[in-house]
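Numbering (our numbering), first residue to last: 917 to 1536.
Here's the structure, in structure tokens; my notes come after.
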Amino acid sequence: MANTLQRQNRTKKLILLSLFVVIILFLIFVSTISNINSGRKLPPLYTKKTQIAVRGKIVSKDNFLLSKSIKLYKATIFMRCLDADKKSLFVKLFSIYSGINKNKIEKKINNSIKDGKTGTIILSHNIGAKKAQRLKQLSRKLLKLGVFKSTTINGHRLIIGLDIKATGEKRIYPYKDSFAPLLGYTKKYEDKKNITRVKGFKGLEQRYQSYLGAYKNGFIKGERDLLSNISLNKATKMIYAKDGANIHLTIPLRLQKNIEKILDFYKKKFGAKEVIASIMRSDTGEIMAMASSNRYNPQNIKRRYIFGGHMGVNAVSYTFEPGSVIKPLSISLVLQNKLVKKEEKIKAHNKSIKNLFGSFGQGKYTIGKYTITDDHKFNKNELTVRDILVHSSNIGTLILAQRLSAKQFLGGYQRFGLSKKTGIDIAFERKGKLHSQRQYSIGSKTGADNIYKATDSYGHGITATFIQLLQAYTVFNNAGLMSKPKIVEYIQIGNEKINIQNKKPVRVIDKQVANYIKDVLIDVVRSGTGKNTYIKNIQVGGKTGTASIAKSGKYTKSYNSSFFGFANDKQNRYTIGVTIREPGYYTNQTQNFYASSTAVPVYDKIVKALLVLGFLSVED
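Spelled out as structure tokens, the structure:
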């Protein structure tokens, strides 16, 4: 009996001892696994490497990269594998290949040793693509030189050396401020996987964000070999990265840069707030150049650009009173509705006695409490339609405009695209403003002159954008059809090419009316306010316009001056626009604010640039 009790006690003790030993072994196992997975950050035997895709490119008509993304990389080493005897060799070689200061690298490694870190440390996380490629080559050389030694992980011998891994992207603009602000810019952010990404703001970067940013990362997943590379076998899974779509523009870089240089020169010469210019194919609507003197480098945006109005594309977002460049539109509507004959004589309302220079006084016309004057003096008391346009008579224009009904006047302006967005592929386009049909109807029952039709007929009291005016002027160079502007020619998504179709031109006025206005605009260049743009054997026409800027409901002594028109040879037809915003803004001199002295010389240089660069050719 006693022996039986002794055996039972012995058995219980053995069981308790065994349980104690099992518990102790389990705790040691858990502690070891915990150290491997957390504190020491040892890599797994199976691994997955992400192949980062990047944002698409923006490409000029002549195939220059205007905006592109480059990958950013980080460099890491696994401290437990670094041979202490070859640490100095590693630091020296890494510094040479990376361009990073040797002392900086050595300090990082020494601090890790001091802190007892034996896992992965980051040497740099802002390495460009070229240096990353060189460092990958160095990584292989370091393994051959024995700089890194093998270590046991989970019962396997591995060598984990210098690792170069993509961590994100950086947006690059190779031509700095060229094409700004048209391109827009990007801002950085971190995605859900802590990858550095960029998103478009303003301009084309924002307008085509859904295409440029339509990237998809790839990856390769498989077993890690002795040298920490992924073994390629049947179990390996690979999906290739797909970058965002590439946007191809209608604008050639060499033309754009030449126009930008012209605008820079004249902004300084006139002390202007900004000079805007654009060239558009009259028949297709393709923009050949869209430039501003107010540019910035999207990679280095300064505070003064933000508060100085440089960030937006003012060709589509800045609205202003167009002045006399609107007169061909209003007069063409009178002709279209057959309310005037071309040779009809319109009273100029100027003094009946000529001065010593053979001119009559400036014309004056009163509507209610308002008196409207002509800026120019004429050598006649009566003006034809051609005279009114060539010599830019406000009074002649407003008298003709009174013949239009409210519906004809408003509807006609709207057919020319005023108060409507053009639909150009740039973010933040604005519409401008016209008066209402009710306002244009005031006085119609009594036959009284309408002040709204009067002022709006010569471009005061209404607002438009530069691009609206450029679009409207295609009508006169395209047989009465209005072309819609576009900047992107096609989108490249992998091997697929998506052409952006030209929008069908819209009939605004009859061909005969358009051709007559075109002929008169050629006369403006030959003998009127635009005569300094005449070029032999090139068909050039256009109209000047100068308008005072209203602030707080009152007109100021600040002005915008413009010239819109066309330049053609036998093969090409271009609609061209120039607007000088506030000449004298930086010099406090406003004596040269008229378009004939400011916008016309710029227009002339642009036409000559088209000739020099081969976009126009002179034929006898």
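We put the beta carbon where it would ideally sit given N, CA and C, even for glycine.
Everything numeric in this text was worked out from a predicted model, so none of it was measured.
Are Phe1392 and Pro1168 closer than 8 Å when you measure CB to CB? On the sequence shown, position 476 is the one that residue 1392 refers to. On the sequence shown, position 252 is the one that residue 1168 refers to. Contact: no.
Distance, Thr1338 Cα to Phe1010 Cα: Counted from its first residue, the sequence shown places residue 1010 at position 94. Counted from its first residue, the sequence shown places residue 1338 at position 422. If you take the alpha carbons of Phe1010 and Thr1338, they lie about 55 Å apart.
Would you kindly check if the distance between the Cβ of Gly1333 and the Cβ of Gln1387 is under 8 Å? As a working note, residue 1387 is residue 471 in the sequence shown. As a working note, residue 1333 is residue 417 in the sequence shown. Yes. Within cutoff.
DSSP three-state call for Leu1334: helix, strand or coil? The count along the sequence shown starts at 1 and reaches residue 1334 at position 418. Leu1334 falls in the coil class under three-state DSSP.
Secondary structure, alpha helix (DSSP H): runs of 4+ residues fully inside the stretch 1085-1168: 1119-1123, 1125-1128
Along the beta strand (DSSP E) that carries Ile1414, what are the first and last residues, could you check? Position 498 of the sequence shown, counting from 1, holds the residue named residue 1414. That run of the beta strand (DSSP E) goes 1412-1415.
Of the residues Asp1341, Thr1379, Thr1449, Gln967, which one's Cα is nearest the Cα of His1164? Translated into positions along the sequence shown, residue 1164 becomes position 248. Closest by alpha carbon: Asp1341.
Residues bridged to Asn1019 [DSSP beta-bridge criterion]: Counted from its first residue, the sequence shown places residue 1019 at position 103. DSSP, once it has assigned bridges, lists no residue as partnering Asn1019.
Reducing DSSP to helix, strand and coil, say where Asn1042 ends up. Residue numbering aside, residue 1042 sits at position 126 when the sequence shown is read from its first letter. Looking at Asn1042 - three-state DSSP - the assignment turns out to be strand.
Pick helix, strand or coil for Leu935, following the three-state DSSP scheme. Indexing the sequence shown from 1 puts residue 935 at position 19. If DSSP states are grouped into helix, strand and coil, Leu935 belongs with the helices.
Jot down the residue ranges of each uninterrupted beta strand (DSSP E) in the stretch 1468-1494, minimum 3 residues, whole runs only, in chain order. 1470-1484
Which whole-angstrom value describes the C-beta separation of Thr1381 and Glu1237, a residue pair presumed to lie in contact below a C-beta threshold of 8 Å? Walking along the sequence shown from the start, residue 1381 turns up at place 465. Walking along the sequence shown from the start, residue 1237 turns up at place 321. About 12 Å separates the two Cβ atoms, so there is no contact after all.
Kindly indicate which residue of Asn1488, Asn1253, Phe1294 has the alpha-carbon position closest to the one of Gln1428. Start at 1 with the first residue of the sequence shown, and residue 1428 comes out as number 512. Measuring from the Cα of Gln1428, the nearest candidate turns out to be Asn1253.
CB Lys1047 to CB Ser1014, shorter than 8 Å? Indexing the sequence shown from 1 puts residue 1047 at position 131. Indexing the sequence shown from 1 puts residue 1014 at position 98. For Lys1047 and Ser1014, yes; Cβs fall inside 8 Å.
With a threshold of 16 other CB atoms inside 10 Å of the CB of Tyr1471, please say whether the residue is buried or exposed. Locating residue 1471 in the sequence shown gives position 555, counting from the first residue. By the 10 Å Cβ count, Tyr1471 comes out exposed.
Going by beta-carbon coordinates alone, are Val1191 and Ile1496 separated by less than 8 Å? For the purposes of this step, residue 1191 is taken as the residue at position 275 of the sequence shown. For the purposes of this step, residue 1496 is taken as the residue at position 580 of the sequence shown. Contact flag set, yes.
Ile1522 (DSSP reduced to helix, strand or coil): On the sequence shown, position 606 is the one that residue 1522 refers to. Reduced to three states, the DSSP call for Ile1522 is helix.
Supposed contact pair Gly1084 and Arg1123 - C-beta distance, whole angstroms, cut 8 Å: Position 207 of the sequence shown, counted from the start, is the residue given in the question as residue 1123. Position 168 of the sequence shown, counted from the start, is the residue given in the question as residue 1084. So it is not a contact: roughly 23 Å between Cβ atoms.
To test your reading of the DSSP string, which unbroken beta strand (DSSP E) runs of 3 or more residues are found completely within the stretch 967-996? 981-994
Start and end residues, alpha helix (DSSP H) containing Ile1069: Position 153 of the sequence shown, counted from the start, is the residue given in the question as residue 1069. Per DSSP, Ile1069 belongs to no alpha helix (DSSP H); it is in the beta strand (DSSP E), 1067-1069.
Go ahead and label Val1523 buried or exposed: buried means 16 or more other beta carbons lie within 10 angstroms of its beta carbon, across all protein chains shown. What you label residue 1523 is simply residue 607 of the sequence shown in a count that begins at 1. With 16 or more Cβ atoms within 10 Å of its Cβ, Val1523 is classed as buried.
Decide yes or no for the touch test of the stretch 1080-1094 against the stretch 981-999: beta carbon pairs closer than 8 Å, at least 3 of them. yes
Can you find at least 3 beta carbon pairs, one from the stretch 1364-1375 and one from the stretch 1307-1315, that sit closer than 8 Å? yes
Measure the C-alpha to C-alpha separation of Gly1500 and Lys1336 and round it to an integer number of angstroms. Taking the sequence shown and counting its residues from 1, one reaches residue 1500 at position 584. Taking the sequence shown and counting its residues from 1, one reaches residue 1336 at position 420. Taking the straight line from one Cα to the other gives about 31 Å.
According to DSSP, is Asn1531 part of a helix, a strand, or is it coil? The sequence position of residue 1531 within the sequence shown is 615, counting from 1. Note that residue 1531 is Phe in the sequence shown here, rather than Asn. Three-state DSSP puts Phe1531 in coil, outside helix and strand.
Buried or exposed by the 16-neighbour rule on C-beta atoms within 10 Å, applied to Glu1202: By 1-based counting over the sequence shown, the position of residue 1202 is 286. By the neighbour-count rule (16 or more Cβ atoms within 10 Å), Glu1202 is buried.
Please report how far the alpha carbon of Thr1313 lies from the alpha carbon of Ile1283, in whole angstroms. Position 397 of the sequence shown, counted from the start, is the residue given in the question as residue 1313. Position 367 of the sequence shown, counted from the start, is the residue given in the question as residue 1283. Between Thr1313 and Ile1283, the C-alpha separation is close to 14 Å.
Distance, Cα to Cα, Lys977 vs Asp1520? Taking the first residue of the sequence shown as 1, we reach residue 977 at position 61. Taking the first residue of the sequence shown as 1, we reach residue 1520 at position 604. Computed Cα separation, rounded: 24 Å.
If Lys1257 sits next to Leu1320, beta carbons under 8 Å apart, how far is it from one beta carbon to the other, in whole angstroms? In the sequence shown, the residue the question calls residue 1257 occupies position 341. In the sequence shown, the residue the question calls residue 1320 occupies position 404. That pair is no contact at about 15 Å.
With a threshold of 8 Å, are at least 3 pairs of Cβ atoms found where one atom belongs to the stretch 1085-1100 and the other to the stretch 964-971? yes
Looking at Asn1418 and Thr1200, is the spacing between their C-beta atoms short of 8 Å? Taking the sequence shown and counting its residues from 1, the one referred to as residue 1200 is at position 284. Taking the sequence shown and counting its residues from 1, the one referred to as residue 1418 is at position 502. Yes, they are a contact pair.
Would Phe1482 and Thr1491 be called neighbours here (beta carbons separated by less than 8 Å)? Translated into positions along the sequence shown, residue 1482 becomes position 566. Translated into positions along the sequence shown, residue 1491 becomes position 575. Cβ atoms of Phe1482 and Thr1491: closer than 8 Å.
Assigned secondary structure, Ile1378 (DSSP; H/G/I helix, E/B strand, else coil): Here residue 1378 refers to the residue found at position 462 of the sequence shown. Here Ile1378 sits in coil by DSSP.
Three-way DSSP call (helix, strand, coil) for Thr1287 in this model: One-based indexing of the sequence shown puts residue 1287 at position 371. It is a strand residue.
Can the beta-carbon of Met1196 be found less than 8 Å from the beta-carbon of Pro1097? Numbered from 1 along the sequence shown, position 280 holds the residue referred to as residue 1196. Numbered from 1 along the sequence shown, position 181 holds the residue referred to as residue 1097. No, these two residues do not count as a Cβ contact at 8 Å.
C-beta atoms of Phe1095 and Leu998 nearer than 8 Å: Residue 1095 sits at position 179 when you count from the first residue of the sequence shown. Residue 998 sits at position 82 when you count from the first residue of the sequence shown. Going by C-beta atoms, Phe1095 is not nearer than 8 Å to Leu998.
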